[in-house]
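As numbered in the numbering used here, residues 270 to 685 make up the sequence shown, in order.
From the three backbone atoms N, C-alpha and C, an ideal C-beta is built for every residue, glycine too.
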Amino acid sequence: MARYHIETYGCTSNRGESRQIERALRDGGHHRVELDDADVAILNTCTVVEKTERNMLARAETLEETVDELVVTGCMAIAQGEAFERAGIDAEVLHWDEVAEHVRNGECPTTTPDTAPIVDGVVGILPIARGCMSDCSYCITKHATGKIESPPVEENVEKARALVHAGARELRITGQDTGVYGWDTGERKLHVLLERICEEVDGDFRIRVGMANPKGVHGIREELAAVFAAYDELYNFLHVPVQSGSDDVLAAMRRQHTVSEYREVVETFDAHLDEWTLSTDFIVGFPTETTADHERSLALLGETRPEKVNITRFSKRPGTDAAAMKGLGGSVKKERSSEMTDHKMEVVGEAYESMVGTEREVLIVKDGTGDSMVGYDRAYRQIAIPGAEREGVALGEFVTCRVTGHNTVYALAELV
Ligand code: SF4
270 MARYHIETYG CTSNRGESRQ IERALRDGGH HRVELDDADV AILNTCTVVE
320 KTERNMLARA ETLEETVDEL VVTGCMAIAQ GEAFERAGID AEVLHWDEVA
370 EHVRNGECPT TTPDTAPIVD GVVGILPIAR GCMSDCSYCI TKHATGKIES
420 PPVEENVEKA RALVHAGARE LRITGQDTGV YGWDTGERKL HVLLERICEE
470 VDGDFRIRVG MANPKGVHGI REELAAVFAA YDELYNFLHV PVQSGSDDVL
520 AAMRRQHTVS EYREVVETFD AHLDEWTLST DFIVGFPTET TADHERSLAL
570 LGETRPEKVN ITRFSKRPGT DAAAMKGLGG SVKKERSSEM TDHKMEVVGE
620 AYESMVGTER EVLIVKDGTG DSMVGYDRAY RQIAIPGAER EGVALGEFVT
670 CRVTGHNTVY ALAELV
């Protein structure tokens, strides 16, 4: 669990987004601390006038010198993310709703203690189980959550039905590791649960499946991909965090999967789905990671071409086995992280570029900046539609739009 410091500049919208970042971090067990004690600093930026820009860059420079890791988000990050790199500032530039996931440091998300479903706007959060089946050497979340405990499928189907009846149009299936749902009962059954929700819950909704480790998914990859292909309710999106392209590093992390298993999951989904989004995570600079291991991670990123990538620079969490390992120097970790980020930007940029000019059906799930609204297409790509609010588009509505461009974190589109 990370100790973070957050600074917010600019308008009420930025302050609202910072509150949401903090809520997600708090729910994940992370702690807000003063700058000098922080592992990671988050700078939520504003870019109204040129002077503000200069102030943002100066502040980013100071933060970067003080903490191991700097995350920049907010208006300037979106509009001029490259300004930080040009100024020689080593920062991860992210959309605000990617920040909490990034700060997780490669650990799985922590679900609420009672796994209670909640509706937030038109999004229904459905934690299907608590705990995982792993014992990753860098993870502190595990101490708080323990082994997986899976409620019966019927119970989760009922919760999904209640969420849809309460107004949810997007169901987010969450858990530390959704791929091992049912493992404690002797049968992995994420695919069974998804199929039953699609079959038995009435309504026009979409389902986003949360993080599933490669080990759990590998054993049910055929069944799972077939369910994704069969039901329009499922976003064609899978988040399988590989963490490294080297089996040696994966063994030191005690991840329980191999690079080949991750590859086979990706190949299976490629075979079943015409268009889908692969999301994965890499931890860069794990204590045992050699230059050759790092090269393997870069190669795996290029080979499997995930469209969403969380890169975390390894940092020690007290009480974990990895904390006792002799670590790599800060400059090595920085260098590897920025190399991987450059590679990620190429891969992700190419994916967004291929969307330009295409028409997409999008479920609108939140308000964007100004009069824009934000939603997701079938492959769970984030799309912002400027002017949508003025045109009377409502949250929870499906609209058709044409993609006109993109930035580093989402596509831009106009209504058709
Ligand atoms: S799968 Fe690994 S990182 Fe995730 S909660 Fe379990 S031990 Fe932690």
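What residues are listed by DSSP as bridge partners for residue i?
i              : result
alanine 680    : Ile652, His675
lysine 416     : Cys401
glycine 343    : Thr314
cysteine 670   : Arg629, Leu684
valine 362     : Val341
valine 518     : DSSP lists no partner for valine 518.
leucine 395    : Ile442
arginine 477   : Arg441
tyrosine 645   : Leu632, Gln651
histidine 274  : Ala310
glutamine 289  : Paired residues: none, contrary to the question.
isoleucine 387 : Ile394
glutamine 512  : Phe551
histidine 300  : Arg272
Closest by CA to residue i, which one among the options?
i                 : options                        : result
asparagine 482    : Lys613, Arg465, Val449         : Val449
leucine 599       : Tyr273, Glu338, Ile580         : For the record, residue 599 in the displayed sequence is glycine; it is not leucine. Here the closest residue by C-alpha is Glu338.
alanine 682       : Ile466, Glu628, Gly661         : Glu628
valine 341        : Val601, Glu456, Thr314, Cys401 : Thr314
valine 422        : Phe667, Phe474, Cys467         : Cys467
histidine 300     : Thr316, Ser287, Tyr273         : Tyr273
glycine 343       : Arg323, Leu312, Ala540         : Leu312
leucine 547       : Lys577, Gly554, Thr559         : Lys577
aspartate 453     : Cys401, Val534, Arg465, Glu367 : Cys401
tyrosine 516      : Arg532, Gly455, Leu459, Glu502 : A small fix is needed here, since residue 516 is aspartate in this sequence, not tyrosine. Measuring from the Cα of aspartate 516, the nearest candidate turns out to be Arg532.
lysine 602        : Thr581, Lys613, Pro510, Asp404 : Thr581
aspartate 550     : Phe667, Cys670, Lys613         : Lys613
alanine 494       : Glu572, Asp539, Arg574         : Asp539
glutamate 303     : Asn283, Val336, Ala327, Leu567 : Val336
phenylalanine 667 : Asn676, Leu684, Gly279         : Leu684
alanine 293       : Thr557, Gln349, Asp366, Ala521 : Asp366
glutamate 619     : Pro575, Gly514, Pro386, Thr331 : Pro575
leucine 570       : Val528, Thr443, Lys595         : Val528
aspartate 590     : Met642, Phe555, Glu572, Glu276 : Phe555
glycine 639       : Leu632, Val631, Glu630, Gly656 : Gly656
methionine 212    : Met642, Val631, Ser403, Arg565 : The structure shown has nothing for residue 212, since the chain only spans 270 to 685.
proline 510       : Val496, Glu502, His487         : His487
aspartate 229     : Asp404, Val368, Glu333         : In the structure as shown, the chain begins at 270 and stops at 685. Residue 229 is therefore absent and cannot be evaluated.
tyrosine 407      : Ile394, Pro386, Thr557         : Thr557
leucine 542       : Val391, Leu326, Gly588, Phe497 : Phe497
glycine 693       : Asn425, Ile275, Val309         : The chain is shown from 270 up to 685; residue 693 falls before or after that span and cannot be answered.
glutamate 427     : Phe506, Ile409, Glu439, Glu469 : Glu469
serine 623        : Pro587, Arg671, Arg523, Val478 : Arg671
arginine 523      : Thr410, Asp473, Leu507, Ser403 : Ser403
aspartate 473     : Leu632, Val678, Val643, Val662 : Leu632
Below 8 Å on the Cβ atoms is my guess for residue i versus residue j; work out the distance and round it to an integer in Å.
i              : j              : result
alanine 437    : valine 388     : 5 Å
tyrosine 621   : valine 634     : Between valine 634 and tyrosine 621 the Cβ distance is about 19 Å, and since that is not below 8 Å, they are no contact.
alanine 648    : tyrosine 500   : About 14 Å; that fails the 8 Å criterion.
glycine 665    : alanine 653    : In fact, because the Cβ distance is near 17 Å, the residues do not count as touching under 8 Å.
serine 607     : aspartate 359  : 6 Å
arginine 659   : alanine 680    : In fact, because the Cβ distance is near 20 Å, the residues do not count as touching under 8 Å.
glutamine 289  : cysteine 377   : Contact flag wrong, Cβ pair sits at about 20 Å.
isoleucine 347 : histidine 371  : In fact, because the Cβ distance is near 15 Å, the residues do not count as touching under 8 Å.
alanine 352    : methionine 345 : 7 Å
glutamate 491  : threonine 537  : 6 Å
histidine 675  : valine 616     : Contact doesn't hold; Cβ gap of about 13 Å is too wide.
arginine 457   : isoleucine 489 : 5 Å
glutamate 418  : alanine 398    : 6 Å
valine 362     : glycine 350    : 4 Å
Complete runs of the beta strand (DSSP E) confined to the segment 485 to 510 [at least 3 residues]
DSSP runs (the beta strand (DSSP E)) wholly in the segment 485 to 510: 506 to 508.
Which residue spans inside the segment 411 to 456 form an unbroken alpha helix (DSSP H) run of at least 4?
Runs of the alpha helix (DSSP H) inside the segment 411 to 456: 422 to 434.
Kindly provide the ranges of any beta strand (DSSP E) runs that are 3 or more residues long and lie completely inside the segment 545 to 596, ordered along the chain.
Whole beta strand (DSSP E) segments, 3+ residues: 546 to 553, 577 to 582.
Go through the residues and name those whose CB comes closer than 6 Å to any heavy atom of ligand 1, in chain order.
Those residues, listed in chain order, are Glu376, Cys377, Cys401, Ser403, Asp404, Cys405, Cys408, Thr410, Lys411, Gln445, Asp446, Asn482.
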